[in-house]
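Each remark here refers to the structure printed beneath this line.
2 protein chains.
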Amino acid sequence: MRARVEQLKSGRKRVLEACHEPCPIERGMRLIGGKWKGSILWHLKDGPVRFNDLARMLGGASKKMISQRLKEMEDMDLLKRKVLNEQPVAVTYEITPFGRSALGILEELKDWSEHQGI
Amino acid sequence: MRARVEQLKSGRKRVLEACHEPCPIERGMRLIGGKWKGSILWHLKDGPVRFNDLARMLGGASKKMISQRLKEMEDMDLLKRKVLNEQPVAVTYEITPFGRSALGILEELKDWSEHQGI
DNA sequence: CAGAATCCAACCGGATACTG
DNA sequence: CAGTATCCGGTTGGATTCTG
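Spelled out as structure tokens, the structure:
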């Protein structure tokens, strides 16, 4: 899976996986289906969240996992990293419009899980 | 992630992952988010499909992958395996009502992928 | 046709310790 | 606080070969 970079009007870049799966479902899963990715996005829906708060929300994920995923998701333009101030360092992660466009799927998934008693 | 077995009225069993993630999104992803799982389910929506046909539809997946996923998904009651006849052996995979209940999510995912040009 | 068996390299992800 | 660095065992998944 190789990355393709698309220039956005905003000046930022969106890295799309040059994932040549014929199936759009598989391609979508590569973006938001990885471990923790959906959860991360979901927890950002009500506003920016700080790193350690996110870690607490995710419960089982290690810092390493989280920072890896966050980096990937920033590259894909699903979220944006912001350094607020220094001493002590404060960083927040904020969902982008593109990331927000995926929330509907996640909400359906959430409802499904809950209704099916999973 | 340990399995819990639930007895269904049909007599079949559904293996639910005793996945204690606090987040329902993460739990749902464990069921239909794995590599190929969503695609498999999607390709079964119009009726039973045979093993090799499925392999062709999925393009990049090896037989090993597919048979592993199919087994997992049968255990989770997302689909049902049926041996049709013998010489040469014919087997089809058919989506269950439970599996069908997840199709809405996959359809949204598919639309999203296509509209976002992923 | 529909897999199972085996081999093996690559990656994943947890634990721990360290940094600015 | 928000990570990075390193170690390391376990899992994943491709390639290949074999079977009823």
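Chains as they are written, first to last, in the numbering used here: chain A, 229 to 346; chain B, 229 to 346.
Just so it is clear, CB atoms sit at the ideal spot from N, CA and C, and this is done for glycine as well.
*If you compare alpha carbons, which of A/L272, A/D339, A/F326 is closest to A/M304?*
A/F326
*Check whether the Cβ atoms of A/I323 and A/L269 sit closer than 9 Å, and answer yes or no.*
yes
*asked:* For A/M301, would you say it is in contact with chain B, using Cβ-to-Cβ distances shorter than 9 Å as the test?
replied: no
_Against chain B, does A/L337 count as a neighbour if the rule is that its beta carbon must be under 9 Å from one of theirs?_
yes
*Contact under 9 Å by Cβ, A/E336 with B/S267*: no
*From A/K308 to B/G287, what does the alpha carbon distance come to, in whole angstroms?*
34 Å
*Please check if any C-beta of chain A sits within less than 9 Å of the C-beta of B/K308.*
no
_Shorter than 8 Å, the distance from the beta carbon of B/L282 to the closest heavy atom of the ligand PLP, or not?_
You won't find the ligand PLP in this model; it holds no ligand whatsoever.
*asked:* Can you confirm whether B/I333, when its beta carbon is compared against all beta carbons of chain A, has any partner nearer than 9 Å?
replied: yes
*Is there at least one Cβ from chain A nearer than 9 Å to B/S341's Cβ?*
yes
*What is the rounded straight-line gap between the Cα of B/G261 and the Cα of B/N280?*
22 Å
*Please state whether DSSP places B/L282 in a helix, a strand or coil.*
helix
*Where do the N-terminal and C-terminal ends of the alpha helix (DSSP H) with B/E314 fall, by residue?*
That residue, B/E314, is in no alpha helix (DSSP H); it is neither H nor E in DSSP.
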